[in-house]
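Everything below concerns the one structure shown next.
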Amino acid sequence: MSQSILTALNFATSLLKEKNIPNPRSTSELFLSSILNLKRVDLYLNKEKILSDKEREKLDSFLEQRISGAPIQYITKSTGFYGLEFKTDPRAMIPRPETETLVSEVIKHFKKIKRESDALKIADIGTGSGVIAITLAFELKKSLVYATDISKDALDLASENAKINEVEKRIEYFLGNIFGPFDNRNLGNSFDCIVSNPPYVRDSDFENLDKEIKDFEPEAAFLCGDDGINFHKKIAEDGIKYLKEGGLLALEVALDDDEKLVEFLSSVLSYHNLRVVKDLAGIRRVVLGVKF
Ligand SMILES: C[S@@+](CC[C@H](N)C(=O)[O-])C[C@H]1O[C@@H](n2cnc3c(N)ncnc32)[C@H](O)[C@@H]1O
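Position 125 of the sequence shown, counting from 1, maps to 125 under the numbering used here, and the rest follow consecutively.
The following block contains the structure:
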């Protein structure tokens with residue numbers, strides 16, 4: 001039986017609704033625009049177009065995956081972040097919108113001190129799908145980014161994403177624990193910026209995460225032990241050795257962990273100009289400081 005775009009949209013919406021999947025209409029639109037390679041608004045301009053058998057089979061498979069709990073971004077294999085497109089699959093965590101605030105603050109900092117056109121050296125610790133490293137390389141046109149991760153799978157995905165966004169020549173990838181891969185590479189006091197969205201879910205809170213996260217995304221992207229700022233402390237501590245004087249430290253934090261982190265950075269490690277920035281949901285999400 002032939003099916004138009006509009007009929008398919010209505011069918012997918014009712015099925016997702018019946019199965020209690022959130023946002024059934026917008027999910028159906030996202031699925032069809034991904035399958036047909038059309039913008040969401042163009043689905044309606046082409047609403048009478050008939051789907052091919054292959055397109056209908058793909059829609060059925062997307063719906064089945066969504067009903068079994070898979071996240072939309074792993075099904076469509078794509079996520080938008082800061083105006084760029086990223087390949088998204090279970091090799092790395094799905095980029096979150098709040099991380100755009102982290103990236104935006106780093107860019108604003110270098111614009112404010114009029115260094116956005118310099119050959120900045122940036123380290124992105126725990127790069128995952130590469131969103132932070134790639135967006136910074138894209139926006140800060142001469143920057144060179146060193147991206148690390150403990151997961152080889154994540155680094156493979158990040159390097160594919162760098163090629164998709166045509167910044168692969170300005171990003172180097174390192175496999176290993178936090179700054180471990182920088183050892184013996186003569187990188188002391190050489191970075192203009194260290195940026196990270198590290199794991200920040202306490203082990204004891206993991207069970208409370210949505211099934212969609214627990215069952216599909218890599219655990220290593222979330223778990224941080226018994227303290228939400230365990231990774232942050234280590235990155236800030238070891239980062240002192242790698243940052244230049246005046247270099248920027250920019251970290252994403254969990255809800256309500258910002259004060260503890262600011263206290264640690266100012267009293268224990270003597271970072272200066274400490275600032276906390278809220279994300280678009282009004283949560284104090286990004287902590288920034290400068291090494292003197
Ligand atoms: C919260 S995710 C962030 C991913 C990505 N930067 C983003 O913002 O979407 C944290 C990342 O840190 C990586 N990671 C976990 N433990 C690590 C470690 N000890 N050293 C380096 N990276 C680590 C994980 O594999 C994961 O990719």
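Positions of the beta carbon are idealized from the N, C-alpha and C atoms, including for glycine.
Quick one: grab the DSSP three-state call for Ala-70. coil
Cβ distance (whole Å) where Ala-154 is taken to contact Ala-70 below 8 Å: Their Cβ separation, rounded to whole angstroms, is 19 Å, which puts Ala-154 and Ala-70 out of contact at 8 Å.
Tell me the start and end of each unbroken beta strand (DSSP E) in the segment 220-262 that is at least 3 residues and wholly inside, in chain order. 243-252
With a floor of 3 residues, list each beta strand (DSSP E) that falls wholly inside the segment 160-210, ordered by position along the chain. 171-175, 191-196
Ligand 1 heavy atom lying under 7 Å from the CB of Ser-143: no
Looking only at its chain, what residues have a beta carbon closer than 8 Å to the beta carbon of Ile-164, apart from the 5 residues adjacent to it on each side? Glu-85, Phe-86, Lys-87, listed in sequence order.
Beta-bridge pairing of Thr-79 - partner residues as DSSP gives them: Phe-86
Figure out for me which residue from Asp-227, Gly-188, Glu-166 has the closest Cα to the Cα of Asp-256. Asp-227
Residue span of the beta strand (DSSP E) that contains Arg-275, given as start and end: 271-278
Going straight from the alpha carbon of Ser-28 to that of Leu-36, what length do you get? 12 Å
What three-state label does DSSP hand Ala-281 in the structure shown? coil
Euclidean distance between Cα positions of Arg-275 and Phe-62: 42 Å
Per-residue burial, Val-41 [other beta carbons within 10 Å of its own, 16 or more giving buried]: exposed
Residue interval of the alpha helix (DSSP H) (run including Lys-121): Boundaries for Lys-121: no alpha helix (DSSP H) harbours it, while the beta strand (DSSP E) harbouring it runs 121-125, taken from the DSSP string.
Note down the Cα distance separating Ser-151 from Glu-172, rounded to an integer number of angstroms. 15 Å
DSSP on Ser-321, reduced to helix/strand/coil? Since the first residue shown for the chain is 1 and the last is 292, residue 321 is missing from the structure and cannot be characterised.
Quick one: what does DSSP say Lys-291 is sitting in, helix, strand or coil? Annotated three-state conformation of Lys-291 is strand, per DSSP.
Whole-angstrom distance between Gly-80 and Asn-189, CA atom to CA atom: Each residue's CA atom was taken as its position, placing Asn-189 and Gly-80 some 34 Å apart.
Contact between the segment 201-212 and the segment 133-147 (3+ Cβ pairs under 8 Å): No, they do not touch.
In the DSSP output, what is Ser-4 paired with across the bridge? Ile-50
Is Asp-118 helix, strand or coil when you go by DSSP? DSSP places Asp-118 in coil when its eight states are reduced to three.
Can you determine whether any heavy atom of ligand 1 sits closer than 7 Å to the C-beta of Asp-149, and answer yes or no? yes
Could you check what DSSP says for Asp-149 in three-state terms: helix, strand or coil? It is a strand residue.
Beta-carbon proximity check, Ile-194 vs Ile-113, cutoff 8 Å: no
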